[in-house]
Amino acid sequence: MQKSTIALVLVAVAAVAIGVGVQQASDKPATLPEFTNTIMLPQSRPFSKFRLVDHHGHEFGPQQLRDYWSILFFGFTHCPDVCPTTLATLAQVKQQMQAKGQWGNYRVLMVSVDPNRDSVERLAEYVPYFDDEFVGITGDLPTLTEFARQAGVVFARRGEVNERDYDVDHSAALILVNPKGQWAGAIPAPQRRDQIIDDLAKLATYYADDHSEQPANKANSALKTEPDGVAQPIADSSAALSVSNAWIRPAPPTASSMVAYFELHNDSAQDITIVAAESPQFAHSMLHSTELVDGVVQMQHIDSLLVPANGRAVLMPMATHLMLMQPHDILAEGSQANISLISDSGQRFDFNVAVRPQPE
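Residue numbers (the working numbering): 163 to 522.
Below, the structure written as structure tokens:
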């Protein structure tokens, strides 16, 4: 990413950071709550006129940002790790806050940074998969770029193979828009569910005058399954390699990729280096890494994974993971994928990973 782009990110972050503990553009007292990970602007900023479209095919402009506390996440449907992780986390946030009567008039909007592939139809299949009240937003690239800029967000295509095969680096912060339709603050990455809940509850209390309870939302009954914490031996027992906490997040039927997460335990006296992966349920598999650089998410292929002697390697959301591309069939929740890891010495380690909701 060019230095000028990074500079934009830093300027946006600096502008937000100034707002900690400073009075907002309202009649509220100057003392803001002590947030765990949320930063409020010193003065909320209106958006200039824009014209986008939501996943229902309805026009989405400044007027549609009003009357709610909107939580904006800028992402894309071909994102294998960060975007589904964030949306699943926000679904858990909503579920838990609703159970406590704290959700109020919050809502979640996913704004596409990939209009080339994220059509209205694709967003309609993808975004409600995580919660049927989440809303996807798309439009033309210039409008999305300008809207993102006004929210302190940047994005850029990278690693382009062809017109349909590429990654998109993008800011990972959650953007808070107040009921007046103004950019009011941000929750920087990395975000944790409990911290988001705590900060949103404080924000709702502080701006109680702006909050009116919306009609009852449907409770999200999913996202409760815990991963298997029992280490299972895989392949040749002499290798002393075992796996625990293995899971694959369910994905919309149209998803072009899924991701496997697990812990590898090496109880032997020799390092084991994994250099390749295979799965008969997918056309391609690769070790992958997500990194947060100056607030921007970057994804890249990694050549190898070291499992140290008498140690472990952890594959987890928004970090190192196993990317599973082009599924041959839909892998629904409750099904399993067969995974083979191959070491630099040619050893194969085979195990099964269940498709299950993101752990709370």
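We put the CB at the ideal spot given by N, CA and C, even for glycine. For clarity, every value in this text was computed on a predicted model and none was experimentally measured.
query = In chain order, what residues of the same chain have a beta carbon less than 7 Å from the beta carbon of residue 228, not counting five sequence neighbours either side?
reply = Residue numbering aside, residue 228 sits at position 66 when the sequence shown is read from its first letter. Taken in chain order, the residues that qualify are 341, 342 and 343.
key: Residues sharing a beta bridge with residue 319, DSSP   = As a working note, residue 319 is residue 157 in the sequence shown. According to DSSP, which records beta bridges pairwise, residue 319 is partnered with 330.
query = Going straight from the alpha carbon of residue 436 to that of residue 467, what length do you get?
reply = By 1-based counting over the sequence shown, the position of residue 436 is 274. By 1-based counting over the sequence shown, the position of residue 467 is 305. Counting only the Cα atoms, residue 467 lies some 5 Å from residue 436.
Supposed close pair residue 476, residue 425 - CB separation, criterion 8 Å = Numbered from 1 along the sequence shown, position 314 holds the residue referred to as residue 476. Numbered from 1 along the sequence shown, position 263 holds the residue referred to as residue 425. Cβ-Cβ separation between residue 476 and residue 425: approximately 5 Å, consistent with a contact (criterion under 8 Å).
request  = Determine the contact status of residue 403 and residue 469, defining contact as a CB-CB distance below 8 Å.
outcome  = For the purposes of this step, residue 403 is taken as the residue at position 241 of the sequence shown. For the purposes of this step, residue 469 is taken as the residue at position 307 of the sequence shown. Yes, these two residues count as a Cβ contact at 8 Å.
ask   = Where do the ends of the alpha helix (DSSP H) carrying residue 279 lie?
value = Working through the sequence shown from its first residue, we reach residue 279 at position 117. Counting along the chain, residue 279 falls outside any alpha helix (DSSP H), and DSSP gives it neither H nor E.
task = Under 8 Å by Cβ, that's how I've got residue 275 and residue 330 pegged, so tell me the actual separation to the nearest angstrom.
result = What you label residue 275 is simply residue 113 of the sequence shown in a count that begins at 1. What you label residue 330 is simply residue 168 of the sequence shown in a count that begins at 1. Between the beta-carbon of residue 275 and that of residue 330 there is about 5 Å, and that keeps the pair under the 8 Å contact cut.
Pick from 291, 493, 256 and 250 that is closest to residue 443, judged by C-alpha positions = Numbered from its first residue, the sequence shown carries residue 443 at position 281. Nearest of 291, 493, 256 and 250 to residue 443, Cα basis: 493.
task = Could you check if residue 410 is buried or exposed, using at least 16 other CB atoms within 10 Å of its CB as the buried criterion?
result = As a working note, residue 410 is residue 248 in the sequence shown. Around the beta carbon of residue 410, 16 or more other beta carbons lie within 10 angstroms, which makes this residue buried.
Closest by C-alpha distance to residue 254, when choosing among 294, 474, 230 and 487 = The residue labelled residue 254 in the question sits at position 92 within the sequence shown. The shortest C-alpha separation from residue 254 is found at 294.
ask   = What runs of the alpha helix (DSSP H), each 4 residues or longer, lie entirely inside the region 333 to 373?
value = As far as the region 333 to 373 is concerned, its whole alpha helix (DSSP H) runs of at least 4 residues are 355 to 368.
ask   = Near residue 495, which residues of its chain fall below 6 Å by C-beta distance, leaving aside the five closest residues on each side in sequence?
value = As a first step, residue 495 is located in the sequence shown; it is residue number 333 there, counting from the start. Answer for residue 495: 412 and 517, listed in chain order.
ask   = Do residue 451 and residue 434 have their CB atoms nearer than 8 Å?
value = Here residue 451 refers to the residue found at position 289 of the sequence shown. Here residue 434 refers to the residue found at position 272 of the sequence shown. No. Outside cutoff.
task = Label residue 284 either buried or exposed according to how many other C-beta atoms from any shown protein chain fall within 10 Å of its C-beta, with 16 as the threshold for buried.
result = What you label residue 284 is simply residue 122 of the sequence shown in a count that begins at 1. Burial call: buried.
Option nearest residue 319 by Cα separation, candidates 519, 480 and 462 = Here residue 319 refers to the residue found at position 157 when the sequence shown is read from its first residue. Of all alpha-carbon atoms in 519, 480 and 462, the one lying nearest the alpha-carbon of residue 319 is that of 462.
Rounded straight-line distance, which links the Cα of residue 419 to that of residue 311 = The residue you call residue 311 lines up with position 149 of the sequence shown. The residue you call residue 419 lines up with position 257 of the sequence shown. C-alpha separation (whole angstroms): 29 Å.
ask   = In three-state terms, what does DSSP make of residue 478?
value = The residue labelled residue 478 in the question sits at position 316 within the sequence shown. In the structure shown, residue 478 adopts coil according to DSSP, grouped into three states.
inquiry  = Give me the DSSP bridge partner(s) of residue 207.
reply    = Along the sequence shown, read from residue 1 onward, the residue named residue 207 stands at position 45. Answer by DSSP bridge pairing, in chain order: 345.
request  = Whole angstroms is fine: what's the gap from residue 415's alpha carbon to residue 287's?
outcome  = Position 253 of the sequence shown, counted from the start, is the residue given in the question as residue 415. Position 125 of the sequence shown, counted from the start, is the residue given in the question as residue 287. Inter-residue distance for residue 415 and residue 287 is about 8 Å (C-alpha atoms, whole angstroms).
key: Limits of the beta strand (DSSP E) - the one that residue 498 falls within   = Against the sequence shown, residue 498 aligns to sequence position 336. Where residue 498 is concerned, the enclosing beta strand (DSSP E) stretches over 498 to 505.
task = Might you give, ordered along the chain, the residues of its own chain that have their beta carbon closer than 6 Å to the beta carbon of residue 364, omitting 5 neighbours on each side?
result = Taking the sequence shown and counting its residues from 1, the one referred to as residue 364 is at position 202. If we look at residue 364 and ignore the five residues flanking it on each side, its Cβ neighbours are 195.
task = Within the region 218 to 249, note down every full beta strand (DSSP E) run reaching 3 residues or more, in order along the chain.
result = For the region 218 to 249, the continuous beta strand (DSSP E) assignments of 3+ residues that do not extend past its boundaries occur at 231 to 237, in sequence order.
ask   = Are there 16 or more other CB atoms within 10 angstroms of the CB of residue 459, so buried, or fewer, so exposed?
value = Residue numbering aside, residue 459 sits at position 297 when the sequence shown is read from its first letter. Looking at its Cβ environment, which holds 16 or more other Cβ atoms inside 10 Å, residue 459 is buried.
task = Identify whether residue 213 lies in helix, strand or coil by the three-state DSSP scheme.
result = Counting from 1 along the sequence shown, the entry for residue 213 is found at position 51. Note: residue 213 maps to coil in three-state DSSP.
message = Measuring alpha carbon to alpha carbon, tell me which residue in 197, 256, 232 and 289 is nearest residue 522.
response = To locate residue 522, count along the sequence shown from 1; it is residue 360. Closest by alpha carbon: 256.
inquiry  = Counting beta carbon pairs with one atom in the region 240 to 254 and one in the region 288 to 308, are three or more of them shorter than 8 Å?
reply    = Touching, yes, given that three or more Cβ pairs across the two stretches are closer than 8 Å.
query = Within this structure, are the beta carbons of residue 405 and residue 483 separated by less than 8 Å?
reply = Position 243 of the sequence shown, counted from the start, is the residue given in the question as residue 405. Position 321 of the sequence shown, counted from the start, is the residue given in the question as residue 483. No, they are not a contact pair.
task = Grab me the residues of residue 325's own chain with a C-beta within less than 8 Å of its C-beta, minus the 5 sequence neighbours each way, in chain order.
result = Within the sequence shown, residue 325 is the residue found at index 163, counting from 1. Closer than 8 Å at the Cβ level, and outside the excluded window around residue 325, lie 278.
key: Enclosing alpha helix (DSSP H) for residue 312 [first to last residue]   = The residue you call residue 312 lines up with position 150 of the sequence shown. Taken as a continuous stretch (DSSP letters only), the alpha helix (DSSP H) holding residue 312 covers 303 to 312.
query = Comparing alpha-carbon positions, which option in 485, 301 and 486 lies nearest residue 282?
reply = Here residue 282 corresponds to residue number 120 of the sequence shown, with the count starting at 1. Residue 301 is the option with its Cα nearest to residue 282.
query = Rounded to a whole number of angstroms, what is the C-alpha to C-alpha distance between residue 334 and residue 208?
reply = Along the sequence shown, read from residue 1 onward, the residue named residue 334 stands at position 172. Along the sequence shown, read from residue 1 onward, the residue named residue 208 stands at position 46. Computed Cα separation, rounded: 21 Å.
Whole-angstrom distance between residue 267 and residue 204, CA atom to CA atom = Position 42 of the sequence shown, counted from the first residue, corresponds to residue 204. Position 105 of the sequence shown, counted from the first residue, corresponds to residue 267. So the two alpha carbons sit approximately 23 Å from each other.
key: Continuous beta strand (DSSP E) stretch holding residue 517: start and end   = Along the sequence shown, read from residue 1 onward, the residue named residue 517 stands at position 355. Judged by DSSP secondary structure, residue 517 falls outside any beta strand (DSSP E); it is assigned neither H nor E.
message = Taking a contact to mean a Cβ-Cβ separation below 8 Å, would you say residue 351 touches residue 338 in this structure?
response = Taking the sequence shown and counting its residues from 1, one reaches residue 351 at position 189. Taking the sequence shown and counting its residues from 1, one reaches residue 338 at position 176. Cβ distance not < 8 Å, so residue 351 and residue 338 don't count as in contact.
ask   = Whose C-beta lies closer than 8 Å to the C-beta of residue 221 among residues of the same chain, with five residues either side of it excluded?
value = Counting from one through the sequence shown, the residue named residue 221 turns up at place 59. Within the same chain, residue 221 has close Cβ partners 213, 214 and 215.
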